[in-house]
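Since the structure comes first, as structure tokens, the remarks are kept for the end.
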Amino acid sequence: MINKEIARILYDISEILKLRNVQWKPQAYNKAARVIEDLEKDLKEIYEEKGLQGLDEIPSIGRGIAKKIEEYLKTGRIKEYEKLKKSVPKGLVEIMNITGIGPKRAQLLFKKLKIKSIADLERAVKNHKIEKLERFGEKSEKDIKEEIEFFKKRNKNRMLLGDALDLAEKITGKLKAKKIMICGSIRRMYETIGDIDILAVADENLVDDFCKLADRVLAKGSGKTSIIIGDRQIDLRVVPREDFWSGVHYLTGSKDHSVELRKIAIKKRMKLNEYGLFRVEKKIERRVAGESEEEIYRRLGMQYIPPELRENRGEIEAAIKKKIPKLINYNDIKGDLHIHTKYSDGNNSILEMVSGAKKLGYSYVGISDHSQTRKIAGGLSERDLIKEIKEARKIKISGIKVLIGSEVDILGDGSLDYSDEVLKKLDYAIGSIHSGFKGDVTKRILRAMENKYMNILAHPTGRMIQSRKGYELKFDEVLRIAKETKTLLEINAHPERLDLRDEMIKAAVENGNKLIIGTDAHSVDGLRHIRLGIGQARRGWATRNNIVNTLSLNKLKKIFRK
DNA sequence: GCCGTTTTCGGCCCGACTGTTTTCAGTCG
311 MINKEIARIL YDISEILKLR NVQWKPQAYN KAARVIEDLE KDLKEIYEEK GLQGLDEIPS
371 IGRGIAKKIE EYLKTGRIKE YEKLKKSVPK GLVEIMNITG IGPKRAQLLF KKLKIKSIAD
431 LERAVKNHKI EKLERFGEKS EKDIKEEIEF FKKRNKNRML LGDALDLAEK ITGKLKAKKI
491 MICGSIRRMY ETIGDIDILA VADENLVDDF CKLADRVLAK GSGKTSIIIG DRQIDLRVVP
551 REDFWSGVHY LTGSKDHSVE LRKIAIKKRM KLNEYGLFRV EKKIERRVAG ESEEEIYRRL
611 GMQYIPPELR ENRGEIEAAI KKKIPKLINY NDIKGDLHIH TKYSDGNNSI LEMVSGAKKL
671 GYSYVGISDH SQTRKIAGGL SERDLIKEIK EARKIKISGI KVLIGSEVDI LGDGSLDYSD
731 EVLKKLDYAI GSIHSGFKGD VTKRILRAME NKYMNILAHP TGRMIQSRKG YELKFDEVLR
791 IAKETKTLLE INAHPERLDL RDEMIKAAVE NGNKLIIGTD AHSVDGLRHI RLGIGQARRG
851 WATRNNIVNT LSLNKLKKIF RK
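Everything in the first sequence is counted per our numbering, starting at 311 for the first residue and increasing by one.
Structure (structure tokens):
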């Protein structure tokens, strides 16, 4: 997608401008780059439809940047960018990737020591040239040395939400505090995580105990401590009890959301920071909110905004108009229907998976092993499937009903991997694309949805976070036909998938499609990932009504009859 | 460079931590 390329250029321009001591513009370019990165629609498409005007209408993009985008779309380059690149030594921007080195220090290093790459910097450290510079010293040199080492082995990939959540909970589990909460992008259930942010009201020893977990301590203060574990940064902020919720709000972000709220506060002659919301009168500040997040939003004249929506993607406007929907809750799910067992490529028996589901408090559970063509995943022949159906039908555990389904491959021509005769014996069928990503996948999916036995379309885009882009899909078409054929769209909660993505869930919700959250669990442990799917659903503005496995089994069965 | 119920000009979020400082600049999130 061209958006990523353009965003990268704008980021680069922002960094170069910083190096050149240009005021304000770097922020403007940075903001525009972030907006473009997050944009659903292709810039090329927008430009073809509405021209320069269309680009200008995108928030944070004005005449200047719109013209540059136009130039890039037309010619594949931006003259001013080429010029800017030549104006600073290549590699100087790279140096700013070293933590602790910003534009000012990068410039100084270049001016005094002719340093224009990380390799140069490393040599200078070795020869103890840095510590002699003004405003540098022994400690700075040592820090830079460590940061270069860290930079080299740093895994630049962000963590998957599932992994980050597990790690964060492991850390908070080891700490003793009066109050403690995981904030940041984890609390927003963003699909990938950079740093982990934790806020606490301290017990004695909290900060010391936290530092004992560290491989490296980056900063240790009474309010803010940063450590590295493995190749991950974890920030701990400690606040007095009365500042806990304003602190949580601040640390949850997103940054863009907070900045927007602060601007609104200023217009109302107030000030928002991590200590609360303050009314400012004659230079005297009086706290008017901060006991709770609800209070902060209320005093700003808007509805409460749940963390999963705080991305400055329209939620603030909606909250002012009191149009924030009541999102699905984390305890609303009554059953999980995307589950694998030993019959195909799962690790546990049907009985073990059902017991695991029962422990989660579900009232029903569905088994869905792979179909015959998926040999690599232990796909079941028709005979084996009939055997599995028999076994599943025998399982009786009080309080939980067992359904038997299948995750059936959608074949190259859009037909399903079992005959209708076999599909008829199942309680439900999930259709999946597992191969042939290059072809016309939309066509295959549309045809498959016409099959009256296919109730659910699994992981609709086929993407794997950070490793596979997913197939080209005419999503509007899929939404339309899914609605027409009463096919449910899955929100796959597997940590590597989270498919549908948040914006697509929102589009589905707006279009009136019904959705279902499934874990794709291959073990009992995998069942707990349902919360990732719920988080994703919430990020897509989904309510209970949009998600069918919040319904009782009887109501769900009615939906299954196509 | 972007943006507008104080503004089409003049603002642009806000505070913590660190090192080298004698009151602060630079960097970070």
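Just so it is clear, CB atoms sit at the ideal spot from N, CA and C, and this is done for glycine as well.
Quantities reported herein were computed from a predicted structural model and do not represent experimental measurements.
Check	Outcome
Sub-8 Å separation of Asp727 and Gln682 beta-carbons	yes
Run of the beta strand (DSSP E) containing Leu349, from where it starts to where it stops	Note, Leu349: premise wrong, no beta strand (DSSP E); not H, not E.
Any 3 or more C-beta pairs closer than 8 Å across the segment 317–332 and the segment 342–360	yes
Distance between Ile710 and Tyr766 (C-alpha atoms, nearest Å)	Going by the sequence as given, residue 766 is Ile instead of Tyr. Cα to Cα, Ile766 sits roughly 21 Å from Ile710.
Residue closest to Asn515, alpha-carbon to alpha-carbon, out of Met491, Ile539, Ala487, Ile492	Ala487
For Asn802, the residue or residues it bridges with in DSSP	Asp809, Gly828
Option in Pro617, Gly600, Val517, Asp566 with minimal Cα separation from Leu610	Gly600
C-alpha gap between Ile890 and Arg608, whole angstroms	For residue 890 there is no data in the structure shown, the boundaries of the chain being 311 and 872.
Segment contact flag, the segment 482–496 with the segment 524–533, C-beta cutoff 8 Å, min 3 pairs	no
Where the alpha helix (DSSP H) containing Phe870 begins and where it ends	863–870
Candidates Ile649, Lys868, Ser654, of which the one nearest Ser665 by Cα	Ile649
Per-residue DSSP class, three states only, for Arg516	Arg is not the amino acid found at residue 516; the sequence shown has Leu there. Helix.
Stretch pair the segment 796–811 + the segment 824–836: three plus CB contacts closer than 8 Å	yes
DSSP beta-bridge partners of Ala263	Any question about residue 263 goes unanswered here, given that the chain covers just 311 to 872.
Closest residue to Lys796 among Glu591, Ile594, Ser556, Lys868 (Cα-Cα distance)	Lys868
Rounded Cβ spacing between Glu618 and Gly845 (contact assumed at less than 8 Å)	6 Å
Check whether Leu443 and Leu842 have beta carbons under 8 Å apart	no
Cα-Cα separation between Lys784 and Met580, rounded to whole angstroms	46 Å
Best match in Ile440, Leu327, Gly557 for proximity to Leu402 [C-alpha to C-alpha]	Leu327
Limits of the alpha helix (DSSP H) - the one that Leu423 falls within	413–423
For Phe554, the three-state DSSP class (helix, strand or coil)	helix
Environment of Gly749 [buried if 16+ CB atoms lie within 10 Å]	exposed
Beta-carbon proximity check, Glu404 vs Ser427, cutoff 8 Å	yes
Meets three-Cβ-pair contact criterion under 8 Å: the segment 671–679 and the segment 649–659	yes
Identity of the residue in His559, Val517, Thr860 nearest Asp646 by Cα	Thr860
Limits of the alpha helix (DSSP H) - the one that Asp473 falls within	471–484
8 Å Cβ cutoff met for Ala739 and Met764	yes
Sequence ranges, beta strand (DSSP E) only - wholly within the segment 718–791, length at least 3	738–742
Proximity to Glu662 [Cα-Cα], best of Val332, Arg854, Asp835, Ser532	Asp835
Candidates Ala817, Leu546, Gly531, Ser536: closest to Glu787 by CA position	Ala817
Cα-Cα separation between Asn313 and Asp352, rounded to whole angstroms	6 Å
Residue of Lys463, Lys734, Arg620 minimising C-alpha distance to Ile714	Lys734
Span separating the alpha-carbon of Pro635 from that of Arg623	15 Å
Of the listed residues Arg703, Lys644, Gly822, Ala768, nearest to Lys865 (C-alpha basis)	Lys644
Spatial neighbours of Leu419 in its chain, beta-carbon cut-off 6 Å, leaving aside the 5 residues before and after	Ile425
DSSP three-state assignment for Gln333, whether helix, strand or coil	coil
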